[in-house]
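In numbering that gives the first Met the number 0, the protein residues as written are 0 to 414. A virtual CB, placed ideally from N, CA and C, is assigned to each residue, including glycine. In what follows, a single structure is set out as structure tokens and then discussed.
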Amino acid sequence: MVASLAEPTVLAAAKDTLYPDIETSPDQYAVTETQFTQSTWGGWTIPQALRERLAPYNTIRLAAGEPDLLGVGMPATKVLNGDAATTPVTVIEAKGHNSDPAAADVARGIAQAHNHLPEVNLGYVAAPAPSITDTARAQARNLNVGVIAVEDTDSARVVEPARVTGAGEFSTTIDAVRLQATTHRLTDGSFPVNHPKNYLGYALALAADGDTDTVYADNVINAISGGRRGAILLNLVNDQPNGDSLTHLGAEVVRFGHDQHGSVTAALAEFDTWTGRSTRFTELAPRWAQLARSVAIQYEPTRLIISALERLHQSGTRDATLADVALEAARINQPLAVEVFFTQHRRDDVLTADGDINEAVLTDPTVYKSGIHFQFKYQLYHVGILTTGGTDDKKTVLSNTWRLEQAVGSASGPR
0 MVASLAEPTV LAAAKDTLYP DIETSPDQYA VTETQFTQST WGGWTIPQAL RERLAPYNTI
60 RLAAGEPDLL GVGMPATKVL NGDAATTPVT VIEAKGHNSD PAAADVARGI AQAHNHLPEV
120 NLGYVAAPAP SITDTARAQA RNLNVGVIAV EDTDSARVVE PARVTGAGEF STTIDAVRLQ
180 ATTHRLTDGS FPVNHPKNYL GYALALAADG DTDTVYADNV INAISGGRRG AILLNLVNDQ
240 PNGDSLTHLG AEVVRFGHDQ HGSVTAALAE FDTWTGRSTR FTELAPRWAQ LARSVAIQYE
300 PTRLIISALE RLHQSGTRDA TLADVALEAA RINQPLAVEV FFTQHRRDDV LTADGDINEA
360 VLTDPTVYKS GIHFQFKYQL YHVGILTTGG TDDKKTVLSN TWRLEQAVGS ASGPR
């Protein structure tokens, strides 16, 4: 079947219009609903190149239903009342037709986008240009919904700008996508460097006299960008247009350094003596490790992993595998688990078109982000949360043990 402007085509064009630089933008992120992971659409085979434009995928469940795309970050196109939000949450409802572009149900798409506005900031309907009437545009304006007219596979334009609206409590789905966007997608592929001292050290270097990069390289590690990224990810440092600044949590690290060593300079000198040491941080510097643990526990993926391991422990699984942890985490908060554990280019394998986890794929080590089973797992080991460190060997990923150093709940028996 020849399709002119089917919904996957319309959605891809709309995504590229709102977020043309999403691959390089530090504050934008978007996921497509898992229904688009299927290989055909009404008998039309979706081209692989189009599927790649729509990636990554995730399960999107909002109170009013399942929008086709959920994005975070200000769109590149004009929005009304744009100063009301710096990183707005956006939904797109795509409407297309496999044979007649003028027959797309635009009115339904407008209503669906409007119904999501209590949970998001911007709502759009995207549809083939021939289907967008003056009546539809007027309806969208009245409901604060933007309209994207799609001409062909690669050409679309906003004909009615959306208006930023307020949003109430965000759902777990939105929280997951916002996490990935606001952390600059730092966990995409590989979590930055694997020792917690390297994140704490960046906060100290930022507070020290002299050039931050030079101080950091001289006293902590040479991988400056990795340490900085980790400090931002763990909310020790704010990444601002006019330069980095300490958060309240980062400032507390500096105060702790003063308390332990008398000055930031002395604290950094101590950090310098730890360079290249493989000793577990809890043994090398117990009080600093405890501070690092307090920092790590405030990071949402840390809490998700601990919750999953606690539940596995209570069910009798003492030594869990990565597949066990990922699946249990998905049962707790699937959107966040998908963002934390799985690489973007394998989401369409991990998730079914109905939005469920394809458990059979979890035995494939290549679906997992290396950062979760290597650098991040090592960080949790160094601060005393996990009993063992991570591995970057894909052959041993599935046999590498995940176990809490101290589980809180009681176990039902060994497994």
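*Going by the beta-carbon positions, is the gap between tyrosine 123 and valine 71 smaller than 8 Å?*
Within the sequence shown, numbered from 1, the residue matching residue 123 stands at position 124. Within the sequence shown, numbered from 1, the residue matching residue 71 stands at position 72. With respect to the 8 Å criterion, tyrosine 123 and valine 71 are not classified as neighbours on the basis of their beta carbons.
*Cβ pair valine 88, alanine 135 closer than 8 Å*: Taking the first residue of the sequence shown as 1, we reach residue 88 at position 89. Taking the first residue of the sequence shown as 1, we reach residue 135 at position 136. Not closer than 8 Å, so no.
*What is the residue span of the alpha helix (DSSP H) that asparagine 141 lies within?*
As a first step, residue 141 is located in the sequence shown; it is residue number 142 there, counting from the start. For asparagine 141, the uninterrupted alpha helix (DSSP H) segment begins and ends at 133-141.
*What is the DSSP secondary structure of asparagine 237, counted as helix, strand or coil?*
Sequence index remark: in the sequence shown, residue 237 carries index 238 (1-based). It is a strand residue.
*In terms of DSSP beta bridges, what is isoleucine 147 paired with?*
Walking along the sequence shown from the start, residue 147 turns up at place 148. Its beta-bridge partners are Ala125 and Val157.
*alanine 175 vs proline 334 beta-carbon contact at 8 Å*: Taking the first residue of the sequence shown as position 1, residue 175 is located at position 176. Taking the first residue of the sequence shown as position 1, residue 334 is located at position 335. With contacts defined by Cβ atoms closer than 8 Å, alanine 175 and proline 334 form a contacting pair.
*Identify which residue in Lys394, Arg50, Val324 and Thr395 has its Cα closest to the Cα of leucine 385.*
Residue mapping note: residue 385 aligns to position 386 of the sequence shown, counting from 1. Nearest Cα to leucine 385 within the set Lys394, Arg50, Val324 and Thr395: Val324.
_Own chain, CB closer than 6 Å to glycine 389, minus 5 neighbours either side, in chain order_ = Counting from one through the sequence shown, the residue named residue 389 turns up at place 390. For glycine 389, where only same-chain residues beyond five positions count, the Cβ hits under 6 Å are His372, Phe373, Lys376 and Tyr377.
*May I have a chain-ordered list of the alpha helix (DSSP H) segments no shorter than 4 residues that lie completely inside the region 45-110?*
Along the length of the region 45-110, whole alpha helix (DSSP H) runs at least 4 residues long occupy 47-53, reported in chain order.
*Would you decide whether alanine 288 is buried or exposed? Buried here means 16 or more other CB atoms lie within 10 Å of its CB.*
Along the sequence shown, one-based indexing puts residue 288 at 289. Buried, by the Cβ-count rule.
_Cβ contact (3+ pairs, closer than 8 Å) linking the region 126-144 and the region 39-48_ = Note that the region 126-144 does not touch the region 39-48; fewer than 3 beta-carbon pairs, one per stretch, sit closer than 8 Å.
_Cβ shell of threonine 320 (< 8 Å), same chain only, five flanking positions each side left out_ = Along the sequence shown, read from residue 1 onward, the residue named residue 320 stands at position 321. Excluding residues within five positions, the ones whose Cβ falls inside 8 Å are Leu397, Ser398, Asn399, Thr400 and Trp401.
*Consult DSSP for tyrosine 28 and reduce its assignment to one of helix, strand or coil.*
Walking along the sequence shown from the start, residue 28 turns up at place 29. Judged by DSSP in its simplified three-state form, tyrosine 28 adopts strand.
*In whole angstroms, what separates the C-alpha of asparagine 97 from that of alanine 11?*
Position 98 of the sequence shown, counting from 1, holds the residue named residue 97. Position 12 of the sequence shown, counting from 1, holds the residue named residue 11. In this structure, the straight-line span from the alpha carbon of asparagine 97 to that of alanine 11 is close to 15 Å.
_For alanine 295 and alanine 13, the rounded distance between their alpha carbons_ = On the sequence shown, position 14 is the one that residue 13 refers to. On the sequence shown, position 296 is the one that residue 295 refers to. For the pair alanine 13 and alanine 295, the Cα-to-Cα distance works out to about 37 Å.
_Closest to leucine 290 by C-alpha separation, out of Asn141, Leu235, Met73 and Ser244, would be which residue?_
If you number the sequence shown from 1, residue 290 lands on position 291. The shortest C-alpha separation from leucine 290 is found at Leu235.
*Nearest residue (CA-CA) to arginine 345, options Glu51, Leu303 and Leu17*: What you label residue 345 is simply residue 346 of the sequence shown in a count that begins at 1. Cα-wise, what sits closest to arginine 345 is Glu51.
*asked:* In this structure, how does DSSP classify tryptophan 287 when only helix, strand and coil are distinguished?
replied: By 1-based counting over the sequence shown, the position of residue 287 is 288. Three-state result, tryptophan 287: helix.
*asked:* My assumption, with CB atoms under 8 Å, is that phenylalanine 255 sits in contact with lysine 196. Please give the rounded CB distance.
replied: Working through the sequence shown from its first residue, we reach residue 255 at position 256. Working through the sequence shown from its first residue, we reach residue 196 at position 197. Between lysine 196 and phenylalanine 255 the Cβ distance is about 13 Å, and since that is not below 8 Å, they are no contact.
*Starting from the C-beta of leucine 403, find all residues in its chain whose C-beta is less than 6 Å away, skip the five residues before and the five after it, and write them out in chain order.*
One-based indexing of the sequence shown puts residue 403 at position 404. Close CB contacts of leucine 403 within its chain, under the 6 Å cut and outside five residues either way in sequence, are with Leu308 (chain order).
*What three-state label does DSSP hand arginine 228 in the structure shown?*
Here residue 228 refers to the residue found at position 229 of the sequence shown. Of the three classes helix, strand and coil, the one that applies to arginine 228 here is helix, per DSSP.
*So alanine 266 packs on leucine 303, CB below 8 Å; how close in whole Å?*
Along the sequence shown, one-based indexing puts residue 266 at 267. Along the sequence shown, one-based indexing puts residue 303 at 304. In fact, because the Cβ distance is near 31 Å, the residues do not count as touching under 8 Å.
_Quick check on DSSP: helix, strand or coil for phenylalanine 421?_
The question about residue 421 has no answer, for the chain in this structure spans 0 to 414.
_Supposed contact pair leucine 311 and threonine 172 - C-beta distance, whole angstroms, cut 8 Å_ = Here the question's residue 172 lines up with position 173 in the sequence shown. Here the question's residue 311 lines up with position 312 in the sequence shown. Actually they do not touch by this definition, with Cβ atoms about 24 Å apart.
*Which same chain residues, not among the five before or five after valine 339, have their C-beta less than 6 Å away from its C-beta?*
The residue you call residue 339 lines up with position 340 of the sequence shown. Answer for valine 339: Pro300, listed in chain order.
*Jot down the residue ranges of each uninterrupted alpha helix (DSSP H) in the region 266-351, minimum 4 residues, whole runs only, in chain order.*
Taking only runs of at least 4 residues, the alpha helix (DSSP H) segments lying wholly in the region 266-351 are 280-283, 285-295, 299-313, 321-340 and 346-349.
_Close beta carbons around valine 366, own chain, < 7 Å, minus the five adjacent residues each side_ = Position 367 of the sequence shown holds residue 366. Close CB contacts of valine 366 within its chain, under the 7 Å cut and outside five residues either way in sequence, are with Phe341, Thr342, Arg345, Asp348, Val349 and Val360 (chain order).
*Can you tell me whether DSSP reads threonine 39 as helix, strand or coil?*
Working through the sequence shown from its first residue, we reach residue 39 at position 40. Here threonine 39 sits in strand by DSSP.
*Residue environment, glycine 226, which counts as buried when at least 16 other CB atoms sit within 10 Å*: If you number the sequence shown from 1, residue 226 lands on position 227. Burial state of glycine 226 is buried, judged by a 10 Å Cβ sphere holding 16 or more other Cβ atoms.
_Straight-line Cα distance separating aspartate 208 from leucine 245_ = Counted from its first residue, the sequence shown places residue 245 at position 246. Counted from its first residue, the sequence shown places residue 208 at position 209. Cα atoms of leucine 245 and aspartate 208: separation of roughly 14 Å, rounded to the nearest angstrom.
*Reduced DSSP secondary structure (H/G/I, E/B, other) of arginine 162*: Here residue 162 is taken as the residue at index 163 of the sequence shown, counted from 1. In the three-state DSSP reduction, arginine 162 falls in the strand class (E or B).
*Top-ranked residue by Cα proximity to glutamate 251, from Ala222, Asn143, Phe270 and Leu199*: Reading the sequence shown from its first residue, position 252 is the one you call residue 251. The residue with the shortest Cα to Cα distance from glutamate 251 is Leu199.
*Quick one, are the C-beta atoms of valine 158 and valine 9 less than 8 Å apart?*
Taking the sequence shown and counting its residues from 1, the one referred to as residue 158 is at position 159. Taking the sequence shown and counting its residues from 1, the one referred to as residue 9 is at position 10. Contact annotation: valine 158 and valine 9 have beta-carbon atoms that are not nearer than 8 Å.
*For the region 238-265, list the beta strand (DSSP E) runs that are entirely contained and at least 3 residues long, ordered along the chain.*
Every unbroken stretch of the beta strand (DSSP E) spanning 3 or more residues and falling wholly within the region 238-265 is given here in chain order: 242-245.
_Using DSSP's beta-bridge definition, name the partner residues of tyrosine 215._
Numbered from its first residue, the sequence shown carries residue 215 at position 216. DSSP output for tyrosine 215 lists no bridge partner at all.
*Find the nearest neighbour of tyrosine 18 within the set Leu203, Gln405, Leu69 and Asp243, judged by alpha-carbon distance.*
To locate residue 18, count along the sequence shown from 1; it is residue 19. Nearest of Leu203, Gln405, Leu69 and Asp243 to tyrosine 18, Cα basis: Leu69.
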